[in-house]
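Input: a single structure, listed below in structure tokens.
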Amino acid sequence: MSIETVGNILTETKEVTNMSYNPMIKEWELYFERVNGYDNRTAVAKAFAKFWEDPAADKLKIPGKCMLGGRVFGRKGFNDGDEIFTSDVELMERIEHGNHNGIPHDLMCATTVSGSKYYFYSDGHNAYMFLMLGDLFNTGKLSQDRYYYLKREFHSSKLI
Numbered sequence: 010m011s012i013e014t015v016g017n018i019l020t021e022t023k024e025v026t027n028m029s030y031n032p033m034i035k036e037w038e039l040y041f042e043r044v045n046g047y048d049n050r051t052a053v054a055k056a057f058a059k060f061w062e063d064p065a066a067d068k069l070k071i072p073g074k075c076m077l078g079g080r081v082f083g084r085k086g087f088n089d090g091d092e093i094f095t096s097d098v099e100l101m102e103r104i105e106h107g108n109h110n111g112i113p114h115d116l117m118c119a120t121t122v123s124g125s126k127y128y129f130y131s132d133g134h135n136a137y138m139f140l141m142l143g144d145l146f147n148t149g150k151l152s153q154d155r156y157y158y159l160k161r162e163f164h165s166s167k168l169i
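Right under this line is the structure:
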């Protein structure tokens, strides 16, 4: 692989700057509260992984409880780049299909139970969400280690 090719792979993709797609969440992950249990986490994560992988699927009604978290941009009351957790997500939608060097780059929208909408790119997840999706695609199950899919700063939280 030439350096030119590596450079092309690492270039940033063009992102939507239209204000109608705010707030935008980057480095996103699905988060689950411990009180809802591991079965809830597994059911939601499996349903989301199936939706995420299927470009023909336009919508997913979340079959349990989860929050979307990450760095928020364009949200009133927050500085760009602040860490955010949404209220429980009830619906995920694929807004636009995209592709960058063969990698799906779909614009998605998460609607919360309170009616708020948050936008994110399918490939803009953090490393822990990458692990979660990878485990589901490779083994069909999630790790039961409470902290396996959480950043270190969330280890003392109510999340699993």
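First residue of the sequence shown: 10, per the working numbering; consecutive thereafter. Cβ coordinates follow ideal geometry from the N, Cα and C atoms, glycine included.
Whole angstroms is fine: what's the gap from residue i's alpha carbon to residue j's?
| i | j | result |
| --- | --- | --- |
| Tyr-170 | Lys-85 | Because the chain spans 10 through 169 in this model, residue 170 falls outside it and cannot be assessed. |
| Ile-18 | Lys-55 | A caution first: Ile-18 carries a pLDDT of 37, below 50, which makes its placement in the model too unreliable to give a value. |
| Val-25 | His-106 | No answer about Val-25 holds up, because its pLDDT of 46 lies below 50 and its placement is not dependable. |
| Tyr-171 | Lys-59 | An answer regarding residue 171 cannot be provided, because it is not within the stretch 10 to 169 covered by the chain. |
| Ser-123 | Met-76 | 12 Å |
| Ile-104 | Tyr-40 | 22 Å |
| Ala-136 | Val-81 | 17 Å |
| Thr-121 | His-109 | 28 Å |
So residue i packs on residue j, CB below 8 Å; how close in whole Å?
| i | j | result |
| --- | --- | --- |
| Glu-177 | Cys-118 | Residue numbering for the chain in the displayed model covers 10 to 169; residue 177 lies beyond these limits and cannot be assessed. |
| Glu-42 | Lys-167 | 5 Å |
| Met-114 | Asp-132 | Here residue 114 is His; the residue named in the question, Met, does not match the sequence. That belief holds up - the Cβ atoms of His-114 and Asp-132 are roughly 5 Å apart, short of 8 Å. |
| Leu-151 | Arg-50 | 7 Å |
| Phe-94 | Gly-78 | 5 Å |
Tell me the DSSP secondary structure of residue i in three-state form.
| i | result |
| --- | --- |
| Val-122 | coil |
| Asp-67 | coil |
| Arg-84 | coil |
| Asp-89 | coil |
| Gly-79 | strand |
| Phe-60 | helix |
| Asn-108 | strand |
| Lys-35 | strand |
Nearest CA to the CA of residue i: which residue from the options?
| i | options | result |
| --- | --- | --- |
| Met-33 | Leu-159, Asn-135, Phe-129 and Gly-107 | Phe-129 |
| Gly-73 | Ala-65, Gly-83 and Tyr-47 | Tyr-47 |
| Ile-186 | Phe-94, Asn-31, Pro-64 and Arg-161 | What the structure shows of the chain is the stretch from 10 to 169, and residue 186 is not part of that stretch, so it cannot be assessed. |
| Glu-62 | Phe-146, Asn-31, Ile-169 and Leu-159 | Phe-146 |
| Phe-139 | Lys-160, Thr-121 and Thr-120 | Lys-160 |
| Phe-57 | Val-44, Gly-149 and Glu-162 | Gly-149 |
| Asp-67 | Ser-165, Leu-116 and His-134 | Leu-116 |
Every unbroken beta strand (DSSP E) inside the segment 132-165 [3 residues or more]: Assignment of beta strand (DSSP E) within the segment 132-165, counting only whole runs of 3 or more residues, yields no such run.
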